[in-house]
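Remarks on the structure that follows.
Numbering (my numbering), first residue to last: 708 to 1337.
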């Protein structure tokens, strides 16, 4: 073993978590090494070639608002964009993009390779170097040692990965890449508890073999969209997706072959994702359903491969071919890559602090699917936060933790480190108590100032943010200061727009509160109103229309914050607080919550326990003040 290099931070894994972690750390001024099993697979999309969707688009916007990279690259490599849930309220609007997966990889690789303070290397990590409970670096299979002051694990689904297709099993990571076999043993040796999870993908099919006339066209939105607050809203549609369905014939074939399904015959022992089940699971769980929806999605501009979303499977190849050919449009389908399941090791996230640092191994962080999540967006969000916190710790600065009321990132991490997970975790808007405040449209207003204080938000981004904020304030002032009077001309225009005529004078802002009214319509009625950008107009419309609901939710947040601000001492011994139930003490001692607010969300900690903890904290603070005054 020889010392091959010395760094401040080493990031193990170059998936979506690892990329964001490495960029964040390097941009905050610490010398960083990013390690990957294969330089050709940086930012790989081994599952669907897409970014965003319900709950996930919120994460992408938040990553972008803090100075992360995913949103910018998603915009640059998008080949179709659609805004989902537009028939519902703005809290659940969700942008989704089809990506050119190879181009996404290429652009991210270029960003990483040109980032100052960041090295990228192809290595197989076999062991962590840990001394006296502090991580000191990593060892590789080639006998190299790279020393560092902090390590971030972003290993994805590669830890003891096992790919399963029917009766065929092999040790491998996604798309049958090398798996990391020895690192799991090193983690266990360090006292880190591991879970065994599984996920899977559908077959990739040859687009030339599809009969598109038998499927329903799913085109992108004609109006422009963007994930990044720095990107222009423009039409990025270059391809079409297609909608089709399974049927009773499909289901019959699957039922007849369930004994050959690894998930049913005991071959697979890992726990799979509830919200992205295999087609075998769907047939068993929803036996009464006559059909299941499938989306056939292009993988990129320069390939004929297409992804059959909704058809994840690990059945043998002959069965995959047989059931696919029962689906309208796929009667003559040619499979380019088979569907498969993959089992892998991941960390129990209850071992992590809200900073994503491992509790009992100092300076060791973990992010992404290695923490029991699923999805590129969840991974990237964790990677960003781990990279930020590793850098801040090395610089002797306060950690950066987002609360549930500040960001979906806060919801994600709080759920993981407080509640843990018994299956691959997926972000959804329903997981947030404060959806109306945590919208995708206002992520920059919520987080860009925080990213600037950390040092991750560039001058360009901050100037654009300040301009947008000023424009919003000016627009609100204009709408609140402009009166609409019940003239014949105004009422005629209102009626033509499907809105009730005026009987008395009112503020134009009050007109905008009407459900059917938009700023574009208002400008047609009152041409003297200023021309505003789409982003600004959208933001102001939501702020004005929903101000009552937003204010009520802010009041709820303030109640939460009172508990979140009550931080426990680092050395607190929960087992000695006899006024707390034994179950509560055991749960508190295991999870070691950061605040009273976090403690209140632990399963097994009762309201009576929280009251007892509140009294304990008040006594502790009085004693602390008394000691200081002495």
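Virtual Cβ for every residue (Gly too), placed ideally from N, Cα, C. The model shown is predicted, which means the values in this text are computed figures rather than measured ones.
Beta-carbon proximity check, residue i vs residue j, cutoff 9 Å
i, j, result
"residue 1089", "residue 755", "no"
"residue 844", "residue 737", "no"
"residue 924", "residue 1036", "no"
"residue 1042", "residue 1027", "yes"
"residue 774", "residue 1168", "yes"
"residue 733", "residue 812", "no"
"residue 1304", "residue 1331", "no"
"residue 740", "residue 767", "no"
"residue 1299", "residue 1275", "yes"
"residue 1373", "residue 903", "Outside the modelled stretch of the chain, which goes from 708 to 1337, sits residue 1373, for which no answer is possible."
"residue 981", "residue 1131", "yes"
"residue 1171", "residue 770", "no"
"residue 1288", "residue 1306", "no"
"residue 798", "residue 1136", "yes"
"residue 863", "residue 1051", "yes"
"residue 735", "residue 1270", "no"
"residue 805", "residue 790", "no"
"residue 905", "residue 979", "yes"
Any chain C beta carbon closer than 9 Å to residue i
i, result
"residue 1279", "Any reference to chain C falls outside this structure, which holds one protein chain only."
Alpha carbon of residue i to alpha carbon of residue j, nearest angstrom
i, j, result
"residue 1229", "residue 802", "26 Å"
"residue 1284", "residue 1326", "12 Å"
"residue 1255", "residue 1204", "25 Å"
"residue 1337", "residue 1328", "No answer about residue 1337 holds up, because its pLDDT of 43 lies below 50 and its placement is not dependable."
"residue 835", "residue 890", "8 Å"
"residue 847", "residue 833", "5 Å"
"residue 1143", "residue 794", "15 Å"
"residue 1007", "residue 1045", "18 Å"
"residue 992", "residue 1250", "41 Å"
"residue 1096", "residue 1121", "15 Å"
"residue 818", "residue 785", "17 Å"
"residue 858", "residue 838", "13 Å"
"residue 1177", "residue 719", "41 Å"
"residue 781", "residue 936", "12 Å"
"residue 1320", "residue 1064", "25 Å"
"residue 763", "residue 1196", "45 Å"
"residue 1277", "residue 1066", "12 Å"
"residue 1246", "residue 946", "29 Å"
"residue 709", "residue 1058", "31 Å"
"residue 1002", "residue 954", "14 Å"
"residue 938", "residue 748", "26 Å"
"residue 714", "residue 1092", "19 Å"
"residue 866", "residue 1076", "10 Å"
"residue 871", "residue 1081", "18 Å"
Limits of the alpha helix (DSSP H) - the one that residue i falls within
i, result
"residue 1083", "1083 to 1101"
"residue 814", "808 to 820"
"residue 1173", "1166 to 1188"
"residue 1115", "1115 to 1121"
"residue 1263", "1254 to 1271"
"residue 726", "723 to 734"
Span of the beta strand (DSSP E) around residue i
i, result
"residue 847", "841 to 847"
"residue 988", "First-last for residue 988: 986 to 992, but that is the alpha helix (DSSP H), not the beta strand (DSSP E)."
"residue 837", "832 to 838"
Those residues which DSSP pairs with residue i across a bridge
i, result
"residue 1239", "Its beta-bridge partners do not exist; DSSP assigns none."
"residue 803", "759 and 789"
"residue 1073", "860"
"residue 1324", "According to DSSP, which records beta bridges pairwise, residue 1324 is partnered with nothing at all."
"residue 717", "740 and 858"
"residue 827", "741"
"residue 971", "Per DSSP, none; premise fails for residue 971."
"residue 709", "851"
"residue 948", "925"
"residue 941", "932"
"residue 780", "Paired residue(s): none; residue 780 is not in a bridge."
heavy atom of the ligand MN below 8 Å from residue i C-beta
i, result
"residue 1125", "Absent from the structure shown: the ligand MN. Ligands present: none."
| request: Output the residue ranges of the alpha helix (DSSP H) runs that lie fully inside the stretch 850 to 912 and measure 4 residues or longer, sorted by chain position. | output: Complete alpha helix (DSSP H) runs here, min 4: 889 to 896.
| Along the chain, which unbroken stretches of the alpha helix (DSSP H) at least 4 residues long are found entirely within the stretch 1289 to 1318? | Complete alpha helix (DSSP H) runs here, min 4: 1289 to 1298 and 1303 to 1307.
| message | At 4 residues or longer, what runs of the alpha helix (DSSP H) sit wholly inside the stretch 1001 to 1032? | response | The stretch 1001 to 1032 contains these whole alpha helix (DSSP H) runs: 1024 to 1031.
| Counting only runs that start and end within the stretch 1035 to 1074, where is the beta strand (DSSP E) found for 3 or more residues in a row? | List check, beta strand (DSSP E) in window: 1042 to 1044, 1047 to 1054 and 1071 to 1073.
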